[in-house]
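Student: Residue numbers (the numbering used here), protein chains in the order written: chain V, 1 to 589; chain Y, 1001 to 1169. From the three backbone atoms N, C-alpha and C, an ideal C-beta is built for every residue, glycine too. A quick note: this is a predicted structure, and the numbers were derived from the prediction, not measured. Supplied in structure tokens, the structure appears directly below.
Right, here's the structure in full:
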């Protein structure tokens, strides 16, 4: 944040009080729920604990509460609850972030995460102070905070160019925005103004509107990306090349990992023997925790699944999932179809049964292992590799492991910790191979990076409502996967190269950005649309029953991807992802 | 029956004759004429090589010496033909003896486990074989127009990344 200048002044005016409108019973409930949640969070209660406390007295059901909290406290809160309470490993393991295989998580608190609803402004200490009311940004200020404000103003339909300097056009833009938000037009960014700007981007509908506004005269050919630099110029409206500091910041914010003690500026100390936290040896605690997660994953993902899979009556039809996927493509094309389109997923081509595929492969290996010889020995190695992959995933992406690492100051990529973690992984993988292989079969899904084939679990529930929820989850998952198929090769090339030297940032670009775009598409979906419900819910559809759709969790790295958007603007991200203009997000070929 | 060099090459591949598998210049029309089932198969999108070159593919699963034949193309021309779990005429040992030493051995991801040096590239001969279980088995054969190892790696190599695991709902 070098070069930052801001004015620490008294808060400029108070935000206009929000008046409850006449038809706002739900809003009142929403506010009450949000206030309760905020109070609990302020007391240090974790998001899932706050959520559990809230649903205890909610007759409308936990889903409604979560939806209200999502709309009031923002996606980050809801996502954190979903990630921590709805994962296959449930509360016992707190699986976080899905496919974070490349990114070891180390607990940290993002700057501004408690004051902003949209991730756009997180990571910026100056804006955090503005949001808290202890600073304002006004004419003459310079730096990345100003760039973020300018990008947000432009994305919020104000005629502002990103310059990094709070100049006349910025002041005019701020006044225009304030006027539209019923805030006194001071031309300064104060708590109320930043709060209103933050609110614009909470639900991603504005991002979707930006994408839909491009309106190129020609549409892309389905399944064929634009050769870099040949896309219609209309798609480039709203983009601007970031300055060197903006480009550096857009790359910097891609990583969430906190490896430096904020109070000392030095690398955190590793408390290997638990002398500071009083919790005993790190290796013992880590191994115990990994084993607990394996227990939980086995119970929720694998136990009794082999027998269930043997009876086709227990499985959804791939064709029903594919039908839901048709809507995934349709909804995505409405938003991003000007940039790129592709074929929908198809039950006979690129949608597959995950359990069946992995079960066949693992059973083949087990047969060869039993036969012995050179091939048998190699099969043993392959089976051990599968077990190790699953344990590595726990170490890399489980929230409780991240918290444990935080407790011990453990940076798992650092020498001493790396050796201990490696030994723990080998220990658990070696002892629990059979269960880990069953978890591999039962993992919710995977995609082949080359063929884009999607492998999904197809287990039915005896409960029709749960089956409808499965279809909606499939719809959401296939939006994410369909967007992956539209990713420009130049962006993928950049991501792959970055991943080799900086896995965390590469992962954010690959999955986090895709997740941000997924949320952008899902923000446009009208879940009460009768024809959509019929198409997505398929054989479980009941016209008289409209369950709320499942809240979308997704990859936690969407937060970091959205921080990039905060610096360079939504149009830059769209052009980078779909047209290969990676320079617009600070990338280098 | 069409008897162009392309049609002959693709039929040989489908029949498990991999020793001279190099693909001549092939249009999509040539390929579908050689194997009629390909004409009715749906296209999906995908990518190949470390450069993630965007391509399309379609596949058939019957009438071939393997579990699946996947035709990779760019909409007009065939860029590669791949057989999964191939059953080479004469067996893997005979094929291995015929092919001899590869131009290069690259790693590939066999599911979630990386197979070091398992992708044997005979770039100038237009064929790559993917070995498994300490090279005792053949997992995949890919035929393509003869090229260099560098070009193969950049634009044709398979499974250079691990699978992406889907977030749990």
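Return the chain-ordered list of same chain residues with a C-beta closer than 6 Å to the C-beta of residue 255 of chain V, the five sequence neighbours on each side being excluded.
Tutor: 504 and 505, listed in sequence order.
Student: Can we say the segment 1130-1145 of chain Y touches the segment 370-385 of chain V, given the rule of at least three CB pairs closer than 8 Å?
Tutor: The segment 1130-1145 of chain Y is in contact with the segment 370-385 of chain V.
Student: Whole angstroms are fine: how far does the CA of residue 1071 of chain Y sit from the CA of residue 320 of chain V?
Tutor: Approximately 26 Å between the Cα atoms of the pair.
Student: Compare the C-beta of residue 31 of chain V against all C-beta atoms of chain Y and say whether one is closer than 8 Å.
Tutor: Bear in mind that the predicted position of residue 31 of chain V carries a pLDDT of just 49, short of 50, making it unreliable; the figure below should be weighed with that in mind. Chain Y, which has no Cβ nearer than 8 Å to the Cβ of residue 31 of chain V, makes this no.
Student: Give the interface partners of residue 119 of chain V over in chain Y, defined as CB-CB distance under 8 Å, in chain order.
Tutor: By Cβ distance, chain Y contributes nothing, its closest Cβ being about 17 Å from residue 119 of chain V, past 8 Å.
Student: For residue 350 of chain V, return the contacting residues in chain Y, with the cut-off set at a CB-CB distance below 8 Å.
Tutor: Near residue 350 of chain V (Cβ distances below 8 Å), the residues of chain Y are 1044.
Student: Return the first residue and the last residue of the alpha helix (DSSP H) that residue 183 of chain V is part of.
Tutor: Premise fails: residue 183 of chain V is in no alpha helix (DSSP H) and is neither H nor E.
Student: Quick one: using the 10 Å Cβ neighbour count with 16 as the cut-off for buried, is residue 581 of chain V buried or exposed?
Tutor: Its Cβ being crowded by 16 or more others within 10 Å, residue 581 of chain V is buried.
Student: Check for me: the alpha helix (DSSP H) holding residue 552 of chain V runs from which residue to which?
Tutor: Element bounds for residue 552 of chain V: n/a, residue is neither H nor E.
Student: Just by C-beta distance, which residues in the segment 1145-1160 of chain Y are closer than 7 Å to chain V?
Tutor: Within the segment 1145-1160 of chain Y, the qualifying residues are 1158 and 1159.
Student: Under the three-state reduction of DSSP, which class applies to residue 336 of chain V: helix, strand or coil?
Tutor: Reduced to three states, the DSSP call for residue 336 of chain V is helix.
Student: Closer than 9 Å by beta-carbon distance: list the chain Y residues that pair up with residue 343 of chain V, in chain order.
Tutor: The contacting residues are 1042, 1043, 1044, 1045 and 1056.
Student: Can you tell me where the alpha helix (DSSP H) holding residue 525 of chain V begins and where it ends?
Tutor: Looking at the DSSP string, residue 525 of chain V is not in any alpha helix (DSSP H), and its letter there is neither H nor E.
Student: At a Cβ threshold of 8 Å, is residue 508 of chain V touching chain Y?
Tutor: So no, residue 508 of chain V is outside the interface.
Student: So residue 443 of chain V contacts chain Y; which residues on that side make the cut at Cβ distance below 7 Å?
Tutor: 1165, listed in chain order.
Student: Looking at C-beta atoms only, is the number of pairs between the segment 230-239 of chain V and the segment 139-146 of chain V that lie closer than 8 Å three or more?
Tutor: These segments do not touch.
Student: Going along chain V in order, which residues have a C-beta closer than 7 Å to the C-beta of residue 1023 of chain Y?
Tutor: Within 7 Å Cβ-Cβ: nothing; residue 1023 of chain Y doesn't reach chain V, min ~18 Å.
Student: According to DSSP, simplified to helix, strand and coil, what is residue 297 of chain V?
Tutor: In this structure, residue 297 of chain V counts as helix in the three-state DSSP scheme.
Student: For residue 588 of chain V, count neighbouring Cβ atoms within 10 angstroms of its own Cβ and tell me buried if that reaches 16, exposed if not.
Tutor: Residue 588 of chain V is exposed by the Cβ-count criterion.
Student: I'd like to know whether the C-beta atoms of residue 1021 of chain Y and residue 1100 of chain Y end up nearer to each other than 8 Å.
Tutor: Cβ distance not < 8 Å, so residue 1021 of chain Y and residue 1100 of chain Y don't count as in contact.
Student: For residue 118 of chain V, which residues from the same chain have a beta carbon less than 6 Å from its beta carbon, with the 5 sequence-adjacent residues on both sides left out?
Tutor: Within the same chain, residue 118 of chain V has close Cβ partners 198, 201 and 202.
Student: Given residue 546 of chain V, which residues of its chain have a CB within under 7 Å of its CB, disregarding the five upstream and five downstream residues?
Tutor: Contacts found: 528 and 533.
Student: Mind pulling the chain V residues with CB within less than 8 Å of residue 1137 of chain Y?
Tutor: Here the neighbours are 375.
Student: Using a Cβ-Cβ distance under 8 Å, would residue 399 of chain V count as near chain Y?
Tutor: Output row for residue 399 of chain V: interface = no.
Student: For residue 1048 of chain Y, which residues in chain V fall below 7 Å Cβ to Cβ?
Tutor: Going along chain V in sequence order, the residues near residue 1048 of chain Y (Cβ under 7 Å) are 450.
Student: For residue 1056 of chain Y versus residue 1065 of chain Y, is the C-beta distance shorter than 8 Å?
Tutor: In this structure, residue 1065 of chain Y does not lie closer than 8 Å to residue 1056 of chain Y by Cβ.
Student: Check this for me: beta carbons of residue 297 of chain V and residue 439 of chain V, under 8 Å apart or not?
Tutor: Yes, the pair counts as a contact, with Cβ atoms nearer than the cut-off.
Student: Using DSSP with H/G/I as helix, E/B as strand and the rest coil, what is residue 226 of chain V?
Tutor: Correct three-state label for residue 226 of chain V: coil.
Student: Since residue 464 of chain V meets chain Y, which of its residues come closer than 8 Å, beta carbon to beta carbon?
Tutor: Going along chain Y, no residue has its Cβ under 8 Å from residue 464 of chain V, so there is no contact; the nearest lies around 17 Å.
Student: In angstroms with no decimal places, state the Cα-to-Cα distance between residue 137 of chain V and residue 555 of chain V.
Tutor: Taking the straight line from one Cα to the other gives about 32 Å.
Student: Using the beta-carbon of each residue, which ones in chain V are nearer than 7 Å to residue 1053 of chain Y?
Tutor: Those within 7 Å of residue 1053 of chain Y in chain V are 489.
Student: Which residues does DSSP pair with residue 1164 of chain Y in a beta bridge?
Tutor: Answer is V/447, bridged to residue 1164 of chain Y.
Student: Could you tell me whether the segment 387-403 of chain V touches the segment 426-443 of chain V, using the rule of 3 or more Cβ pairs below 8 Å?
Tutor: As far as the Cβ criterion goes, the segment 387-403 of chain V touches the segment 426-443 of chain V, which means the pair count is three or higher.
Student: Between the beta-carbon of residue 424 of chain V and the beta-carbon of residue 276 of chain V, is there less than 8 Å?
Tutor: The answer is no: Cβ separation not under 8 Å.
Student: Identify whether residue 238 of chain V lies in helix, strand or coil by the three-state DSSP scheme.
Tutor: Correct three-state label for residue 238 of chain V: coil.
Student: Under 8 Å, Cβ to Cβ, is there at least one residue of chain C near residue 1075 of chain Y?
Tutor: In the displayed structure, chain C is absent; the protein chains listed are V and Y.
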